[in-house]
Amino acid sequence: MAPSEFPFNCNLCKSLRLRFADAQTGHIYVNLGTFEEALASPCSEHKSLVRQFWDYCRGTQAGGTAPIQEYDDFMYLQDTEASKGSIVKLGGCVWVLTDKFMTGCYDSWQLLLVRQAPSPIHLGAGRILDQNWVNVGVIQGWKDRCISLHGSRCENPLKIKPTQPDWLIDVQQRCIVRGHHENTPTAFVALSYRYGNRQGYKMDDDTILKLQSPGILDDPGMPFPLTPITREAMHLTCVLGERYLWIDELCIVHSNAEATARQLKLMAAIYASAAVTIVATDGDSQDGIQGLQGVSVPRDLHQRVLPFGADQLVTRESSISKLTEGTLYHNRAWTYQEFAMSPRRIIFNDRQLHWLCHCEAWHEESTLDAKVEEYIDDSGLANTKILLAGFPDTRALSKLICDYNKRHLSYDEDALPGISGLLSVLSRSFEGGFLHGLPEMFFDRWLGWGAVNVRRRTHSQYQKQQKQEQNGQDTLSTLPSWSWTGWQGSVYFSCDDSPRIMPSFHTIAETIPITKWYTSKSPAGDFKRRIRSHWYDERNAHKDHSRPLPAGWSRHDSIPLSTGNSNSSTQEAPLCPDGCGNHVFKHSNLAGQDDALNAWFYPFPVRDIQESTETFLPEQTPYLFCRTKGVQLWASEGLKENTMSLRATRDGLVIGTLDLHNHAQLDMFPQDTYGRAGPVELVAIYRSKVYTTIGRFRVREKYRLLWIEWKGGLAYRLGAASLDREEWEALKTEDVDLVLA
4 MAPSEFPFNC NLCKSLRLRF ADAQTGHIYV NLGTFEEALA SPCSEHKSLV RQFWDYCRGT
64 QAGGTAPIQE YDDFMYLQDT EASKGSIVKL GGCVWVLTDK FMTGCYDSWQ LLLVRQAPSP
124 IHLGAGRILD QNWVNVGVIQ GWKDRCISLH GSRCENPLKI KPTQPDWLID VQQRCIVRGH
184 HENTPTAFVA LSYRYGNRQG YKMDDDTILK LQSPGILDDP GMPFPLTPIT REAMHLTCVL
244 GERYLWIDEL CIVHSNAEAT ARQLKLMAAI YASAAVTIVA TDGDSQDGIQ GLQGVSVPRD
304 LHQRVLPFGA DQLVTRESSI SKLTEGTLYH NRAWTYQEFA MSPRRIIFND RQLHWLCHCE
364 AWHEESTLDA KVEEYIDDSG LANTKILLAG FPDTRALSKL ICDYNKRHLS YDEDALPGIS
424 GLLSVLSRSF EGGFLHGLPE MFFDRWLGWG AVNVRRRTHS QYQKQQKQEQ NGQDTLSTLP
484 SWSWTGWQGS VYFSCDDSPR IMPSFHTIAE TIPITKWYTS KSPAGDFKRR IRSHWYDERN
544 AHKDHSRPLP AGWSRHDSIP LSTGNSNSST QEAPLCPDGC GNHVFKHSNL AGQDDALNAW
604 FYPFPVRDIQ ESTETFLPEQ TPYLFCRTKG VQLWASEGLK ENTMSLRATR DGLVIGTLDL
664 HNHAQLDMFP QDTYGRAGPV ELVAIYRSKV YTTIGRFRVR EKYRLLWIEW KGGLAYRLGA
724 ASLDREEWEA LKTEDVDLVL A
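Take the sequence shown: its position 382, counted from the start at 1, is 385 in the numbering used here, and no numbers get skipped.
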């Protein structure tokens with residue numbers, strides 16, 4: 004319907020409908036006035052819209068009992084004293100918002116104009132959905148459209164060597180088949196889901212043999228009943244026009260510990276190699292996927308449909324952020340790498356069907372050609388594209404691990420297996436790979452990670468039994484106290500020593516190793532292996548600007564400026580480590596990125612990652628060894644939560660702060676006059692040179708320390724601390740032969 008044909012007598016309604024027609028995506032708004040003014044309008048069309056929005060706002064507050072005066076001002080972004088109201092064009096849809104938008108506490112609708120079939124020129128981008136059944140007919144269209152439009156960008160965006168699982172489900176023959184077919188790659192669909200409150204079936208050699216009989220998966224004589232989600236995933240695989248499906252419960256055999264560990268390490272690559280991944284976020288394996296007609300129960304969808312002249316509006320319930328956070332699925336640790344590594348995802352979320360690939364997001368409630376939001380890759384690897392381009396960027400790695408470690412596991416010992424596949428992929432950028440989640444090339448600094456109210460992970464009874472059955476050969480499942488994998492919750496890593504320039508940062512640092520680290524699978528130190536944090540050995544050579552530039556790098560004359568104060572018109576050059584500051588370096592692998600991503604203090608070799616680039620995961624040995632300095636200090640309850648003030652003696656001056664891992668650790672100290680206090684043993688793990696614009700000293704040096712306790716000749720990490728170099732070296736330290744477990 005052309006704009007000249009709008010059947011509205013109200014100028015405001017005409018303007019509103021023009022918002023749906025406008026191709027612009029900026030903040031284009033229609034002023035509705037206050038709530039009272041909007042309801043006083045003689046126009047029944049937009050007055051009805053305002054009334055229903057008002058009812059919606061009341062329904063979201065305290066069971067619908069909020070007093071009316073709280074919402075006297077209605078909607079959006081006015082600079083005048085009395086907030087007026089607006090309907091806003093943001094992105095590809097129209098928003099109705101309360102005036103609380105500026106404070107981050109607001110109610111809103113996103114409105115889509117429903118397309119009137121079969122008109123090809125109608126402006127609508129929305130669909131009215133069936134209350135009970137998902138429109139599975141769009142799935143094949145989404146897949147075909149992605150393949151034709153996006154091609155290699157979504158085929159293997161992470162450049163991972165295609166991986167074939169050992170076993171697959173043949174949805175045509177209804178049985179389990181070998182995943183390898185005469186060295187010919189087999190396209191397959193993968194399923195990502197939650198087990199729920201059940202242990203899951205562990206496949207063994209006898210069972211996998213029985214399940215290779217055609218038709219067995221529909222046979223009442225199955226060794227165990229298939230879960231609802233398995234049957235529904237098989238149905239969707241057929242809808243997609245694919246023949247093979249991979250589900251961990253049926254396709255990983257647990258008879259051989261070595262083979263099982265190999266498959267677990269390959270899980271990230273398996274999801275990366277899948278043609279499509281079915282992601283079920285609404286329920287668990289027993290709930291299944293609702294709304295598949297003839298296969299599962301109805302979905303009971305409640306879509307808000309609003310009349311608007313001769314048209315209809317629907318409130319949009321989907322967004323990329325809703326697909327990537329906020330559900331029990333996204334609270335589980337195992338699903339982190341599954342979701343992040345999948346290049347194409349069909350997502351069942353909030354009773355609707357969605358598509359999310361590396362290029363676009365499509366939703367069941369909108370037409371295929373509609374662009375209702377700006378696409379942002381929020382898959383969990385959005386901030387790690389720099390890692391996949393070959394750069395060992397610790398800031399991006401820190402974000403990834405911090406997000407993962409907040410999630411939950413049924414069995415604590417799965418902390419490392421749950422992310423080992425992803426770490427294996429990232430090892431292509433981090434030389435030496437990862438030891439229990441710590442990058443070996445930056446090992447000294449990453450050993451000094453910090454934490455906020457983390458819980459010590461413990462081995463479950465189930466894992467102890469499995470370990471006995473496997474003769475103890477399960478290095479992936481150990482939970483060393485010195486690694487973040489041994490603790491669940493919010494951890495953080497000091498990435499101030501990253502060579503990437505961050506103009507807004509007020510502190511940077513450079514790590515100085517003070518000892519040599521070794522690792523072994525035995526506490527006795529048999530067959531110790533040296534851990535080489537070679538980045539620190541090679542850093543000065545990277546700063547030598549007289550050397551030829553490594554491949555891909557270019558030198559530029561100026562460093563990006565930062566604004567020290569957001570309210571100031573002055574700009575200052577960012578902090579620079581010694582030997583840097585005259586130039587900024589950029590790499591061709593990040594061409595087109597802004598300076599926040601592609602500006603470096605100095606160049607260094609960057610791996611050219613291709614599908615053929617091999618991954619590496621060293622043996623996950625749980626014991627660390629070094630010779631270092633240690634001291635006993637007096638700790639007393641600090642002013643901040645979960646901190647202790649450190650003194651050389653009980654009555655001495657405060658020389659530093661000890662960060663506890665959790666509040667319960669305070670109970671380890673006896674009650675003193677002014678709170679809890681007692682002696683603590685600290686050992687030094689590295690020194691750093693800190694450059695800062697904060698405080699009196701622009702450059703200073705600090706020691707990073709671990710708080711440890713000894714049990715049976717082994718040291719266990721309890722917390723961490725930092726002391727100025729002058730304070731540490733003034734103490735009467737002793738040599739310590741440290742064995743961390």
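Note that CB positions come from ideal geometry on N, CA and C, so glycine has one too.
Beta-bridge pairing by DSSP links Gln-119 to no other residue. With fewer than 16 neighbouring CB atoms inside 10 Å of its own CB, Leu-152 falls in the exposed class. Leu-438 counts as buried, since at least 16 other C-beta atoms from the protein chains shown sit within 10 angstroms of its C-beta.
Put simply, the backbone Cα of Leu-419 is about 32 angstroms away from that of Leu-220.
By the neighbour-count criterion, in which 16 or more other beta carbons inside 10 Å mark a residue as buried, Lys-705 falls on the buried side. In this structure, Gly-582 sits near Lys-546, with a CB-CB distance shorter than 9 angstroms. According to the DSSP assignment, Tyr-539 belongs to the alpha helix (DSSP H) that extends over 537–546. By alpha-carbon distance to Trp-556, the top candidate from Asn-543, His-586, Arg-690, Gly-528 is His-586.
Going by DSSP, Tyr-247 is part of the beta strand (DSSP E) stretching over 247–249.
Its Cα nearest to that of Gly-291, the residue Tyr-198 stands out among Thr-210, Tyr-198, Ile-255. By alpha-carbon distance to Leu-708, the top candidate from Val-739, Arg-148, Pro-606 is Val-739. Counting along the chain, Ala-364 sits inside the beta strand (DSSP E) bounded by residues 364–366. Looking only at Val-742, Arg-720, Leu-52, the smallest Cα-Cα distance to Ser-486 is reached by Arg-720. The Cβ atoms of Ser-501 and Asp-396 lie closer than 9 angstroms to each other. Put simply, the stretch 651–658 does not touch the stretch 696–704. Fewer than three CB pairs are less than 8 angstroms apart. Secondary structure of Lys-632 (DSSP, three-state): strand. Taking C-beta atoms under 8 angstroms as the contact rule, Lys-162 and Leu-620 fail to qualify, at a distance of about 18 angstroms.
For Gly-140, the secondary structure class from DSSP, reduced to helix, strand or coil, is helix. Straight through space, the alpha carbons of Pro-346 and Asp-173 are spaced by roughly 22 angstroms. For Ser-413, there is no enclosing alpha helix (DSSP H), since its DSSP letter is neither H nor E. A distance of 9 angstroms or more separates the beta carbons of Arg-354 and Asp-287.
Under the DSSP assignment, Ala-272 falls in the alpha helix (DSSP H) whose first and last residues are 270–276.
Ranked by how close their Cα comes to the Cα of Phe-23, the residues Thr-481, Gln-113, Gln-668 have Gln-113 in first place. DSSP places Gly-681 inside the beta strand (DSSP E), whose first and last residues are 678–695. Under the DSSP definition of a beta bridge, Gln-266 lacks any partner. Burial of Gly-424 is indicated by the presence of at least 16 other C-beta atoms within 10 angstroms of its C-beta.
According to the DSSP secondary-structure assignment, Glu-737 is paired through a beta bridge with Gly-633. Counting the other Cβ atoms within 10 Å of the Cβ of Thr-514 gives 16 or more, which makes it buried. In the structure shown, the three-state DSSP call for Phe-23 is helix. The shortest C-alpha to C-alpha distance from Trp-449 to any of Gly-129, Val-180, Arg-535, Val-256 is the one to Arg-535.
Rounded to the nearest whole angstrom, the CA to CA distance from Tyr-495 to Trp-452 is 6 angstroms. When DSSP reads this structure, His-590 sits in a beta bridge with Trp-556.
Going by C-alpha positions, Trp-710 is about 39 angstroms away from Asp-598. Boundaries of the beta strand (DSSP E) around Glu-513: 510–516. The beta carbon of His-184 sits closer than 8 angstroms to no other beta carbon from its chain once the five residues preceding and following it are set aside. Residue environment analysis places Gly-218 among the exposed positions, since fewer than 16 neighbouring C-beta atoms fall within 10 angstroms of its C-beta.
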